[in-house]
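For the working numbering, count along the sequence shown from 1 and bump the result up by 1146.
Where a beta carbon is used, it is the ideal one built from N, C-alpha and C, also for glycine.
Just so you know, these numbers come straight off a predicted model, no measurement behind them.
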Amino acid sequence: MELGIDTELTLLAAGLIFLLALSLGVWKYRQMVTSESHLAHPYVDIAHRSALLYSFATMLTAVFVELSVWPTAVNLIAAGVLVGFFVIAIGSYVVHGALRDTTNQFEDAGRGTTVAMIALIVGEIGGFSVLLAGFVWGSFLGG
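Here it is in structure tokens:
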């Protein structure tokens, strides 16, 4: 099977995010073993779990990239925005876990957090919507 470069890059991202998730699992385990409560910091746990989930979400994204009828550049940009926000979210959880600065990043959220969340919502939903529309157009609407 010959895959497009857009699909191959999205699959690579899925694999790298999964590898990150496995590495974060080691960090989580280490904190659990050395903590009196045998729990990792909440954001270490969140980083680990979100990376696992985002790796599979990225794999699903790769399927829609491959099945979309849009040009390679459109698919790559849509997937890149989506996966980029996945990675940014994981990164923010890693930072909070490393700094141990909060157990709820929205507790003292300011305007910047609101703007970032709106960008994330638009980027993730928008990016996937483009890919889903490319699949629907090609599979059901005769594009």
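Beta-carbon spacing of residue i, residue j below 7 Å
i     : j     : result
A1255 : T1204 : no
Y1239 : A1193 : yes
W1216 : G1288 : no
F1290 : Y1200 : Lying before the first or after the last residue shown, residue 1290 is absent from the chain, which here runs from 1147 to 1289.
A1197 : A1235 : no
Whole-angstrom C-beta distance between residue j and residue i, which should lie under 8 Å
i     : j     : result
V1211 : T1249 : That belief does not hold up - the Cβ atoms of V1211 and T1249 are roughly 36 Å apart, past 8 Å.
H1187 : R1257 : Contact doesn't hold; Cβ gap of about 26 Å is too wide.
L1213 : S1285 : 7 Å
G1243 : V1190 : 4 Å
At least 3 beta-carbon pairs within less than 8 Å: the stretch 1166-1174 vs the stretch 1221-1231: Contact between the stretch 1166-1174 and the stretch 1221-1231 is absent, because fewer than three Cβ pairs lie under 8 Å.
Touching by the beta-carbon criterion (3+ pairs, under 8 Å), the stretch 1225-1240 and the stretch 1266-1276: They touch, by the three-pair rule.
Segments assigned alpha helix (DSSP H), at least 4 residues, entirely inside the stretch 1247-1288: Qualifying alpha helix (DSSP H) stretches, in chain order: 1257-1286.
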